[in-house]
Structures are given as structure tokens and as C-alpha cells.
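In order, the protein sequence lines correspond to chains S and X. Heads up: the first sequence at position 51 corresponds to 51 in the working numbering, and the numbers run straight through without jumps. One gets the working numbering by counting positions in the second sequence from 1 and adding 1000 to each.
Number of protein chains: 2
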Amino acid sequence: MSSAPEQRPPRLAALLGQGVATIDTPALVVDLDAMARNLQRMADYAQAHGVKLRPHAKMHKSAALSRRQLQAGAVGMCVQKTSEAEALATGGVSDLYISNEVIALPKLQRVAALARALQARGGRLAIAVDSRLGVEHLAQAMGAGANLIDVFIELDVGQRRCGVAEPADVLPLAQAIARHPALRLAGLQAYNGSAQHLRSVAERRAALDVVIARVQEARRLVEAAGLALPLVTGAGSGTFGLEATSGVFGELQAGSYLFMDADYARNQADPAQPAFEHALFVKTQVMSVSAGHVVVDAGHKSHAIDSGLPRVHGEALEATGCSDEHTTLRTTGSAPLPTLGSTLWLIPGHCDPTVNLHDWLIGVRGGLLAGTVAELIRVDARGCLD
Amino acid sequence: MSSAPEQRPPRLAALLGQGVATIDTPALVVDLDAMARNLQRMADYAQAHGVKLRPHAKMHKSAALSRRQLQAGAVGMCVQKTSEAEALATGGVSDLYISNEVIALPKLQRVAALARALQARGGRLAIAVDSRLGVEHLAQAMGAGANLIDVFIELDVGQRRCGVAEPADVLPLAQAIARHPALRLAGLQAYNGSAQHLRSVAERRAALDVVIARVQEARRLVEAAGLALPLVTGAGSGTFGLEATSGVFGELQAGSYLFMDADYARNQADPAQPAFEHALFVKTQVMSVSAGHVVVDAGHKSHAIDSGLPRVHGEALEATGCSDEHTTLRTTGSAPLPTLGSTLWLIPGHCDPTVNLHDWLIGVRGGLLAGTVAELIRVDARGCLD
């Protein structure tokens, strides 16, 4: 049995200058023109509304795309995992926020090492907590020193996942953080992931009313005790317009806006938010044709289906089934089925876990029909789970 | 933007000799003792029933585990993708069957190169077809020469995915293959993936009655025309006992038996098949605790949920939700919730796409409570989609 941690030889994704038509399938392709428009639209929106933008890099896991977002005005990047932070720091990103809890002391020692390394270079690390144990472990890992890491207290604002359950639970944690000189109480983490995918604008507004009320209550209680929550951070690509205009959120964490997945397109559009274009596609080939359906050569090892099956770009076809390496498609109109060997473009149901299945994003300029490969973008933090 | 195809630095998964308790989370862990018993049980079963075993490597994607299955008597390995075949050949596997269709000529040229390379070393490549175009492209790619690659005709035996639709469609393809000296008509691919997960033995038997009748009809028609389908290959871990005793299947392709996922455990056991143990686990840590639930640090970027949420090994807990990096658990009994920082072991719903999310399988001997890391098994074909 092999047991040495050898490297796998690099796999050929595509070559710069190669025409789109000759990209092998399945392949994860980014329409760079659409992506650039999405990037600018969100940067403009944040600037116009006076809120900071800290895009979530859990979506693209790429240092190169992070750098591009920073160049357009983002104040830093969010990640979910310590190893994602390490991968992006290796790629030159200096202001990182792990918007998630870490409990294990060995991992918090990595967090501490990264916080000190970033600070030594003029950067900054932040992390979320939702428990007294989390604060104590973090303080233990950070050791002596002042103001070494920013700490956000996560409040459950409706998702029923992580975060302290009630606004009144924030104050004791704020007091615990304030007792450790190495930790700086930076604010409140308030993100409702499930609200992003509520279909109607009215449902999303109702969910955000709850979010904002809970945030205001937590802030009031903390301030009444003589402490401050300087920044409230949260929001996703489905609701950011509501957070941005709430008067309480100072920072937006939206990430999917850059690529836009099929599931977000199922939402009723909010006219108060800029619209974004699909920029992420799985190029596939029809590999089998039957009387009533065709099968393409990309399954859920190519595109995640946790938020539903993919859409087919520009075709009257719908996905009716998906297995590891196959997606079955049927017509939705009267047009004939595509022929054996045809190219089709799938819009993944959910960008984040889709990108995580690939080592490279193949960046195309000039469109999906006649464009060329202009960039290979490494998914630096692919598989970074710890 | 970075565009050179550089290598990522290798990530530390675990160290040989390390105790299970100190493996960082989330981590994909194989109970090597359970795996060895599963491996031997299936090898013994195939030998006792006089059928060949060609396990499907789409499940573990590992050359080292393939070699171990071959040493225990397997005749070769199945894969789904050309790049999987290349990865396993690089790892020393010499007898490979791509049990899936390939249409693109550039990819078939890779198939042809691999077929010639394996044959030059005393090995063999096989591939499935279900279309005239597939046969013609394959023949074109193979070029001149005799008997260079084995070709299996895929017949749809109830899954409604790939394969020719009717038994009568097999003969014209057999005749097309027979016209090309480089291609050897090797037999019939007859796999019903959906039958594997029918819950009752009676439902699986009914589905296999259809499979077997369709295989017999195809064979009868081909033989009546003076051609032969020497081998019928198929079967998965849910039904292989039915194929093995059918009198028509000569080769079993089961793969999941080595690890056994949570979904297979939901099947009613067939007393005619040996039982297999769960050998694949995601080690996780409780990272957040609320009044009614806990959250662990592994989500569907760690374990695939296409076949349902994971089970929790040895605990009265059930998964009630899963997002990219989190799984939410609730109690199913009266026991208290696990405490913050506790270790839990998830049994993934579906092994194949779970393994594909990881670079390494951490092999443990001596059990999940007190064992030690005895092997690091590389997922050689992780991300091999093309």
C-alpha cells in the first residue's frame, strides 16, 4: 500500500488560447466577461451604500479571484475553515475572517499562528465564536499579547444552526472576550443562510426583519453594559440589499454574486438589488441518446445537487435525474432532443460545492460559443475542510 | 491572475502511528480491519459461486486498494472515466474496463493510447458502447491492428439511463463491432444502478428478473445471427447475489461492498448475500451546541448527501440538516446531546462521491476508539472527471 504523501501529477485542464469548442468535457468554465460585470456591480453597490464588502471565498476558494475582489474595493475576504484561511494567506490575501466556530485547541493554535503571521505583515485575522469554551480555547491558543485577533460573536438570526440562541446570550460572551487582552471584540456575526433562498421578496424581507430586530436587541444589551459591538457582518447574495440598507449592518459577506448559481435564479428578483449574471458553467457532452431522453457526461461528481439539479443554459431541456457521472435530460418543449456528441452547458444548482469538486476554473473570454481560454484559475482551497 | 498549472503543496492528513483521538476533523477514515473482512468476504463469495469479480474503482478511486482487491482474486477493475483508467494504470493496474460510453474523438484517442500501452505490458483495456457513432469513433481512434480493445455493448436493463433501449438493438451494434478488427466483441454491459437501492429483497428480485430476461433475449438474438457475447458483466453491492446465481452473468462489478454506505444499510438484507460492515467514516467534532441540537464541523463538502444524510455511528442521534460545512444533529432518544468538542463518526450516505471529496483516506487499525493510523491511502483518481 502506498502511504507516502506524494503529489499527484498535475492534470491538464485546458491551454491558454484554446478555443472553447475544444475544451474537453466535463469542465468547469467561467465566463470571465460576465464575472467581471458581476464583480463591478457588487463593488459599486457596496460603495454607493456605504457598506464594506468582504466577499465569502468559500464560494470560489481562489486566491487569484480574492485578489481581484480586493482590487475592486473589498476590505478583506471571509472563509469558513482554518485551512481555507491558510490557503488564501499563502496566495497573498492579508485580511481574512473565519466566519465560523473553531473548538479544537490544535486547530486554534494554527489560527493563532496565522493571526500573528498576518499581523506581522500588516494584515489581520478574525474569527467567530458562539461559546464560552470557544473563547477560552482561543485565548489559550493566542497566548500573551494585545489585540492579536478580531472576534465576532455569532448570533443565531433564524437559521437554527450555529450561533448563540438569544440576543441576551451575546453579552456574557462579549464580557468573556473583553477579559482577554489578546482578543479584540470586533462585533456581531449575523447571517441567515436559509433566508437567501426564500423565493419571494416578501418572505426574504420578513426573515430579515427578524434578523435586524435580533441584532438591534443584542447590540442594545451589550452597549447598556458598557461594551461595544463595532461591526455587524453578514448577508448573502439573496438578501444583501436588505442588510445594506438596514442601518445596522456595516459589512456584507455575499460571495455567490460573482458566479450566480441556478438556485438563486429561482428567487423572485428584488428590484432594490443589482442583478447578476450566470458566470459558472459545466461544459458537457451528450454521451447517450434514447427515444425520450439524452444523457450528458457530467453528474454530481462535476456539479453539486444539494440545491437542486442544474439548469441547461439556452436550451429547452430540463434535468430529470443525476448520478455520479451522468445527468439525464428531457425536452421541455417541442424541439428535438440534442444529438449524440452535442455540447451542452449546465448551470450548477449551487456554486460553492461545485467549485470544490474541481482543481481548476477554466476562464473564457468572448463567450461560450466562440470564446477562448484566457485564464486558468486554481481552486487553491479545494478540499480544505479542516 | 495566476495561470500556470502549479502544484498545490501537499496537505497533512495524518501521520502513521498517530492515535485516532488526535486525527484532526473533519477527516475521512477507513476502518482497515472492517475493510479487510469485507474484501475477503466478497472475494470468497465470487470464488465460491464461480463468477469473476471486477470491483468498481469509481468508489475508492485508489490504485493501492485496487491492487489489494486484485491480490485477493479480482480479475481487473472497472472505472467510469478515461482519466480514472489513466490514474489507475499509472498506479500499476493492468486490466481495466471503462464501463461507460465515450463519444469524443480526442478522448477516444487517449483510450486507444492506453489500450495499446496496457497490451504492450500484458494487460488489457475494455470499454462500453451504446451507439453506432461510439463504435465508429472508437474504431477510428484505435486505427489498424487486431484485437486491441474489448468492447461491451451496454443494454438498458431498467435504469433508463445509458444503454441501447431494447435487446433487439444489441445485434446491429455487435455486427458493427465485428466489422472492425481492432475491436473485440467482449460481451454485454448490464447494470441497473437503481435496483441496488430498492429496499426489499422482493423488489430487487423483481427488478433483476427484468434484467436477466433482457440479457437472455439479447444474447439469443446475437447468437442466432452467428455472433457471440462471451461475457455478461454488471451487478452492484445491493443485488450481486442475484446476478451471481443467474446463470447468465459471468462477472460482478460491485464496488461499495468494501466500505458500505449508510444508504445500503437501509436495504432489507438478502440472506443469500454475505453481509458487509461499514468501513468508511467521517470523523467530526461538535462545534456548536444549542438547546435542541448540535452542529458538527463536517457538511456536504465532506460527505455526499445525494443518497440521503449520514448516519451517526453508535449514537442515538440523527442528522436533520446539512450545509456545506455543517451537519445539524438531534437526539432520537432520551440521552443528552453530546457536549461541545465531542468526537462523532458519520457514516456517509453514499461512499463514491464522498471519497471523491478527499485527497486521502486515513486508514486506521485497532478500531475507531483506540486505534492508530496504519496507512494513508491516496485517492489517486479524485477529481478525474474526463
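Glycine included, C-beta positions come from ideal geometry on N, C-alpha and C.
Could you name the residues of chain S that Asn1356 of chain X contacts, counting a contact when the two beta carbons are closer than 9 Å? For the purposes of this step, residue 1356 of chain X is identified with residue 356 of the second sequence, where counting begins at 1. Near Asn1356 of chain X (Cβ distances below 9 Å), the residues of chain S are Lys301, Asp324 and Leu357.
Put Val1260 of chain X into one of helix, strand or coil per three-state DSSP. Here the question's residue 1260 of chain X lines up with position 260 in the second sequence. The residue asked about is misnamed: residue 1260 of chain X is Met in this sequence, not Val. Residue state for Met1260 of chain X is assigned as coil, using DSSP reduced to three classes.
Over the uninterrupted alpha helix (DSSP H) stretch that includes Gln1220 of chain X, give me the two end residues. The residue labelled residue 1220 of chain X in the question sits at position 220 within the second sequence. Here the sequence assigns Arg to residue 1220 of chain X, which means Gln is not the residue at that position. Unbroken alpha helix (DSSP H) run through Arg1220 of chain X: Val1201 to Ala1224.
Runs of 3 residues minimum, wholly inside the region 273–332 of chain S: which ones carry the beta strand (DSSP E) assignment? 280–289, 294–296, 317–322 and 327–331
Measuring straight from C-alpha to C-alpha, what distance separates Leu1329 of chain X and Ser307 of chain S? Position 329 of the second sequence, counted from the first residue, corresponds to residue 1329 of chain X. Position 307 of the first sequence, counted from the first residue, corresponds to residue 307 of chain S. One Cα belongs to Leu1329 of chain X, the other to Ser307 of chain S, and the distance between them is close to 20 Å.
Segment contact flag, the region 1245–1257 of chain X with the region 1015–1026 of chain X, C-beta cutoff 8 Å, min 3 pairs: By the Cβ criterion, the region 1245–1257 of chain X is not in contact with the region 1015–1026 of chain X, since fewer than three pairs of Cβ atoms, one from each stretch, lie closer than 8 Å.
Is there a Cβ of chain X sitting closer than 7 Å to that of Ala104 of chain S, yes or no? Position 104 of the first sequence, counted from the first residue, corresponds to residue 104 of chain S. Chain X contact via Cβ: present.
For my contact list, Arg382 of chain S and Ala64 of chain S are in at a C-beta cut-off of 8 Å; report their separation, rounded to the angstrom. Taking the first residue of the first sequence as 1, we reach residue 382 of chain S at position 382. Taking the first residue of the first sequence as 1, we reach residue 64 of chain S at position 64. 13 Å between Cβ atoms; not a contact.
Count Cβ pairs between the region 1098–1117 of chain X and the region 261–280 of chain S that sit closer than 8 Å; are there 3 or more? no
Give the residues of chain S in contact with Gln1080 of chain X, contact being defined as C-beta atoms less than 8 Å apart. Locating residue 1080 of chain X in the second sequence gives position 80, where the first residue counts as 1. The contacting residues are Asp324 and Glu325.
Applying a beta-carbon distance threshold of less than 9 Å, which residues of chain S neighbour Asp1352 of chain X? Numbered from its first residue, the second sequence carries residue 1352 of chain X at position 352. Chain-ordered, the chain S residues with CB closer than 9 Å to the CB of Asp1352 of chain X read Lys301 and Asp324.
Ordered list of beta strand (DSSP E) runs contained in the region 1016–1101 of chain X, each at least 3 residues: 1027–1031, 1077–1079 and 1095–1098
Helix, strand or coil at Pro1196 of chain X according to DSSP, with G and I counted as helix: Your numbering for residue 1196 of chain X matches position 196 in the second sequence. The sequence shown places Gln at residue 1196 of chain X, not Pro. Of the three classes helix, strand and coil, the one that applies to Gln1196 of chain X here is helix, per DSSP.
Does DSSP put Thr1245 of chain X in a helix, in a strand, or in coil? For this step, residue 1245 of chain X is matched to residue 245 along the second sequence. Residue state, collapsed to three classes: coil.
Whether or not the region 1275–1290 of chain X and the region 273–285 of chain S are in contact is what I'm after, with contact meaning three or more pairs of Cβ atoms, one per stretch, closer than 8 Å; do they touch? Too few Cβ pairs lie closer than 8 Å, so no.
Can you find the residues in the same chain that come closer than 7 Å, C-beta to C-beta, to Ser1290 of chain X, ignoring five residues on each side of it along the sequence? Residue 1290 of chain X sits at position 290 when you count from the first residue of the second sequence. Within the same chain, Ser1290 of chain X has no close Cβ partners at all.
Is any beta-carbon of chain X found at less than 7 Å from that of Gln109 of chain S? Taking the first residue of the first sequence as 1, we reach residue 109 of chain S at position 109. Not one chain X Cβ lies under 7 Å of Gln109 of chain S.
Restricting to Cα atoms, I'd like to know which of X:Ala1186, X:Leu1105 and X:Ala1089 is closest to Asp1380 of chain X. Mapped onto the second sequence, residue 1380 of chain X falls at position 380. Per the Cα distances, X:Ala1089.
Measuring alpha carbon to alpha carbon, tell me which of X:Arg1204, X:Pro1353, X:Gly1091 and X:Val1373 ends up nearest Ile1362 of chain X. As a working mapping, residue 1362 of chain X is identified with position 362 in the second sequence. Comparing Cα-Cα distances from Ile1362 of chain X to each of X:Arg1204, X:Pro1353, X:Gly1091 and X:Val1373, the minimum goes to X:Val1373.
Quick one, which of X:Gln1071, X:Ile1177, X:Thr1025 and X:Thr1332 has its alpha-carbon nearest Ala1228 of chain X's? Taking the second sequence and counting its residues from 1, one reaches residue 1228 of chain X at position 228. Comparing Cα positions, the closest option is X:Ile1177.
Collapsed DSSP secondary structure at Asp1169 of chain X in the structure displayed: In the second sequence, residue 1169 of chain X corresponds to position 169, counting from 1. Residue state, collapsed to three classes: helix.
Secondary structure at Arg1266 of chain X, three-state DSSP: helix, strand or coil? Sequence index remark: in the second sequence, residue 1266 of chain X carries index 266 (1-based). In this structure, Arg1266 of chain X counts as coil in the three-state DSSP scheme.
Going along the region 1184–1198 of chain X in order, which residues come within less than 8 Å of chain S, judged by CB to CB distance? Gly1193
Counting along the chain, where does the beta strand (DSSP E) carrying Val1151 of chain X start and finish? Counting from 1 along the second sequence, the entry for residue 1151 of chain X is found at position 151. Segment Ile1149 to Glu1154, the beta strand (DSSP E) holding Val1151 of chain X.
Identify the continuous alpha helix (DSSP H) that holds Met119 of chain S and give its terminal residues. Reading the first sequence from its first residue, position 119 is the one you call residue 119 of chain S. Checking the displayed sequence, the identity of residue 119 of chain S turns out to be Gln instead of Met. Taken as a continuous stretch (DSSP letters only), the alpha helix (DSSP H) holding Gln119 of chain S covers Leu105 to Ala120.
How close, in whole Å, do the beta carbons of Asp150 of chain S and Ala126 of chain S come, if the pair is a contact with beta carbons under 8 Å? Translated into positions along the first sequence, residue 150 of chain S becomes position 150. Translated into positions along the first sequence, residue 126 of chain S becomes position 126. Their Cβ separation, rounded to whole angstroms, is 4 Å, which keeps Asp150 of chain S and Ala126 of chain S in contact under 8 Å.
If you reduce the DSSP assignment to three classes, tell me which class Leu376 of chain S lands in. Looking up residue 376 of chain S in the first sequence gives position 376. Residue state, collapsed to three classes: strand.
Could you name the residues of the same chain whose beta carbon sits closer than 8 Å to that of Asp1024 of chain X, not counting the 5 residues immediately before and after it, in chain order? Along the second sequence, one-based indexing puts residue 1024 of chain X at 24. Correct list, in chain order: Ala1014.
Could you give the residue range of the alpha helix (DSSP H) that holds Leu138 of chain S? Sequence index remark: in the first sequence, residue 138 of chain S carries index 138 (1-based). Its alpha helix (DSSP H) spans residues Arg132 to Met142.
Of all Cβ atoms in chain S, is any one closer than 7 Å to the Cβ of Ala1074 of chain X? Counting from one through the second sequence, the residue named residue 1074 of chain X turns up at place 74. Chain S contact via Cβ: absent.
Gly1367 of chain X in three-state terms, based on DSSP: By 1-based counting over the second sequence, the position of residue 1367 of chain X is 367. Three-state DSSP puts Gly1367 of chain X in a helix.
Just by C-beta distance, which residues in the region 203–219 of chain S are closer than 7 Å to chain X? If the cut-off is 7 Å between Cβ atoms, the region 203–219 of chain S has nothing near chain X.
Could you check whether the Cβ of Glu1101 of chain X sits closer than 7 Å to any Cβ belonging to chain S? For the purposes of this step, residue 1101 of chain X is taken as residue 101 along the second sequence, with counting starting at 1. Yes, its Cβ sits closer than 7 Å to a Cβ of chain S.
Check whether the Cβ atoms of Leu188 of chain S and Val157 of chain S lie closer than 7 Å to each other. Locating residue 188 of chain S in the first sequence gives position 188, where the first residue counts as 1. Locating residue 157 of chain S in the first sequence gives position 157, where the first residue counts as 1. No, Cβ-Cβ distance for Leu188 of chain S and Val157 of chain S is not below 7 Å.
Are there 16 or more other CB atoms within 10 angstroms of the CB of Thr1354 of chain X, so buried, or fewer, so exposed? Residue mapping note: residue 1354 of chain X aligns to position 354 of the second sequence, counting from 1. Buried, since its Cβ has 16 or more Cβ neighbours within 10 Å.
Give the single residue among S:Ala144, S:Pro167, S:Gly145 and S:Gly143 whose Cα lies nearest to the Cα of Glu154 of chain S. Residue 154 of chain S sits at position 154 when you count from the first residue of the first sequence. For Glu154 of chain S, the nearest C-alpha among the options comes from S:Pro167.
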